[in-house]
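Take 1 as the starting number for the sequence shown in the working numbering and just add one per residue.
The beta-carbon is built from N, C-alpha and C at its ideal position, and this holds for glycine as well.
None of these values were measured; they are calculated from a predicted model.
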Amino acid sequence: MDKIWLKSYPAGVPAEIDLNEYTSLNDVLAQSCRKFRDLPAFRNLGATITYAELDRLSRHFAAWLQSLGLAKGTRVALMMPNLLQYPVALFGVLRAGMIVVNINPLYTARELEHQLKDSGAEVIVILENFAHVLETVLANTAVEHVVSTQVGDLLTPHRRLLVNFAVKHMKKMVPEWHIGGAIEFRTALGRGARARLDEAAPSHADIAFLQYTGGTTGRSKGAMLTHGGLVANMLQARAWSRGFLEEGSEIVVTALPMYHVFSLTTNCLLFIKLGGLNLLITNPRDMPGFVKELNTTPWTVMTGVNTLFNGLLNTPGFESLDFSRLKFALGGGAAVHRTVAERWQAVTRRPIFQGYGLTETSPFVTCSPLDGEYSGSIGLPIPSTEIAIMDDENRELPPGAEGEICVKGPQVMAGYWQLPGETAAAFTPDGWLRTGDIGIMDEDGYMRITDRKKDMILVSGFNVYPNEIENVIAAVPGVVECGVIGVPDIIAGELVKAFVVSDNPSLSADQIVAFCRQNLTNYKVPKIVEFRSELPKTPVGKILRRELRAIAIADQAASVSGTGDPLAAQVARL
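Quick look at the structure:
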């Protein structure tokens, strides 16, 4: 393959990375904790832990895990937002020689049960705000050890008591729960401090994370991300940022949850390598509070999705912040809209760049050059990465031709957990990962996404899979059939729209949405429900989502022109 993109690389960016720089993620942590021992590593809710403290606390948690008699390779689930406890637990799991299973804390009982059962997790660390959900499914899983933590557990003693009391008793954010045998996070650390640690020494091939992502069947799959793959993606990101990010002086705003692979690699791993400080934002939806937090720290980098940047720009006080140390912002998860990028540039005097990737690629595949400006493209393939645009017969297409984006590189996953068939289907016969995205590469190697081969919907950077939602809606009494698509939205990028055929005239959109809220995370819940007398299908009865998208476009056009769709019995925006 002719790597035409190399001629467009910024000065100083190498074509390849040295995969042997680190033996594992454990090695990354160990070297950084020695080199940057006294520097701050993570800051959250007014408290800071240094690299030395991260080393000590993660060692305690690792030793406690091993004291349970668990085997290496045991899966340990982490279910919490951005708190100081997260990196401590994460690196503790890896130092114990075990595998991290990241879980969105907003998952419903159904979603949580599937992920715990599929991964075979035997331990879970959970913020107690969500323990009531775990309680309802725990008996159906292999989990034997539950560690609960409170929001303020790693703050200073006085602040810990104040924050935990306020969260539980004043804000009433902790529903009642009871799980027999559960122990507190601080108790586990205390026990680990008195226990012996057999420091794990994983290889590049060992699994570090089961990072769950959806599939075309609607079943959530665990992408096996190895130590080598994540080290590679971290080194690729470092190579791309060379000349822009300096060791020991960067402060990155981490508002995206670290259980999301974008934030995990770009914020947590990259900035640990750099000896940087992660400013953890626990609740970025509280935009006024977010802006107040940004005013306390002279941050240099921010990562986010379009909705995050747009939300900040529309929050009073953001435009008055000190942006003098800001170098750039990086958008991922979904396209950053040009209007948002241009407004960000006008307000901060610094650009937003875009990266592209997948859970299956740890995640980065391409990135905009950091010496340029926002262009709307997803940039160039990063070092040690190959990209080919292929047709449906797996034939490589020339520059300018539209086809499926396929990827090779050391950051690509080892496969899907216990799903050899799904793994085989994800790759071409000669080893290219099929991304499911349709795109074009120009003569200079710059990439643009033009469509998605899969029916995945992107809501504020989160993957939403129609089959999963359709399966839930189909369980509503009175629903005959349904189809789900994504429709454009200026705020979230896309919204979920459901088309429903019902034999119950009294069934309402509100009832369908209420049922979905019981079984789906909020961003998966349909925001538009449209009842129709029938849905378009293939001759064998498969619902044609592409025709549903055409119907949605026609509906929008009719709405603008003032005409209605006679087939639409009810449309609700919720």
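Per DSSP, the bridge partner or partners of residue i
i	result
Lys-221	Thr-213
Tyr-356	Thr-366
Gly-12	DSSP, once it has assigned bridges, lists no residue as partnering Gly-12.
Ile-272	Partner(s): none; Ile-272 has no beta bridge.
Ile-207	Thr-226
Gly-248	Looking at the DSSP assignment, Gly-248 forms no beta bridge with any residue, so it has no partner.
Asp-55	DSSP lists no partner for Asp-55.
Thr-50	Pro-40
Backbone CA spacing between residue i and residue j [nearest angstrom]
i	j	result
Pro-14	Cys-406	22 angstroms
Ala-557	Ile-551	10 angstroms
Ile-207	Leu-112	21 angstroms
Val-500	Pro-202	50 angstroms
Leu-269	Met-79	19 angstroms
Cys-367	Ile-352	11 angstroms
Thr-450	Ile-440	7 angstroms
Thr-216	Arg-434	At Thr-216, the pLDDT of 38 sits below 50, so the modelled position is not reliable; the number obtained from the coordinates is stated separately. One C-alpha to the other measures close to 13 angstroms.
Thr-297	Gly-379	30 angstroms
Thr-23	Ala-346	43 angstroms
Ala-30	Gly-248	16 angstroms
Tyr-523	Gly-355	22 angstroms
Tyr-465	Met-456	5 angstroms
Thr-428	Glu-360	15 angstroms
Leu-326	Tyr-374	16 angstroms
Cys-33	Met-234	17 angstroms
Gly-243	Phe-262	22 angstroms
Ala-424	Asn-394	14 angstroms
Ala-498	Ser-533	14 angstroms
Glu-128	Ser-220	24 angstroms
Gln-150	Thr-156	13 angstroms
Gly-486	Val-513	16 angstroms
Ala-121	Gly-276	31 angstroms
Ala-193	Glu-184	14 angstroms
Ser-377	Ser-324	27 angstroms
CB contact flag (residue i, residue j, <8 angstroms)
i	j	result
Ile-4	Asp-444	yes
Val-476	Phe-531	no
Leu-19	Ala-205	no
Tyr-259	Asn-44	no
Val-125	Val-147	yes
Ala-255	Pro-284	yes
Trp-64	Arg-191	yes
Thr-265	Phe-364	yes
Leu-280	Asn-82	yes
Glu-199	Arg-95	yes
Glu-135	Ile-179	yes
Ile-387	Val-28	no
Val-336	Phe-318	no
Ala-109	Val-133	yes
Val-484	Asn-519	no
Leu-225	Phe-61	no
Tyr-416	Ser-8	no
Whole-angstrom C-beta distance between residue j and residue i, which should lie under 8 angstroms
i	j	result
Ser-119	Gly-222	6 angstroms
Gln-211	Gln-411	At roughly 12 angstroms, the Cβ-Cβ gap does not stay under 8 angstroms, so Gln-211 and Gln-411 are not in contact.
Arg-343	Leu-294	The pair is not a contact, with the Cβ atoms about 17 angstroms apart (cut-off 8 angstroms).
Ala-509	Val-529	4 angstroms
Leu-154	Gln-85	6 angstroms
Glu-250	Thr-300	5 angstroms
Val-123	Val-76	4 angstroms
Cys-482	Ala-492	Between Ala-492 and Cys-482 the Cβ distance is about 21 angstroms, and since that is not below 8 angstroms, they are no contact.
Pro-383	Pro-10	11 angstroms between Cβ atoms; not a contact.
Buried or exposed by the 16-neighbour rule on C-beta atoms within 10 Å, applied to residue i
i	result
Lys-171	exposed
Gly-304	buried
Ser-320	exposed
Ser-506	exposed
Ser-502	buried
Ser-460	buried
Val-480	exposed
Gly-372	exposed
Met-173	exposed
Gln-115	buried
Leu-161	exposed
Lys-527	buried
Ile-553	exposed
Ala-401	exposed
Pro-316	exposed
Interface flag, residue i vs chain D, CB-CB below 8 angstroms
i	result
Ile-352	Protein chains in the displayed structure number just one, and chain D is not present.
Contact test: residue i Cβ vs the ligand GTP heavy atom, cutoff 7 angstroms
i	result
Phe-515	In the structure shown, the ligand GTP is absent, as is every other ligand, since no ligand is present at all.
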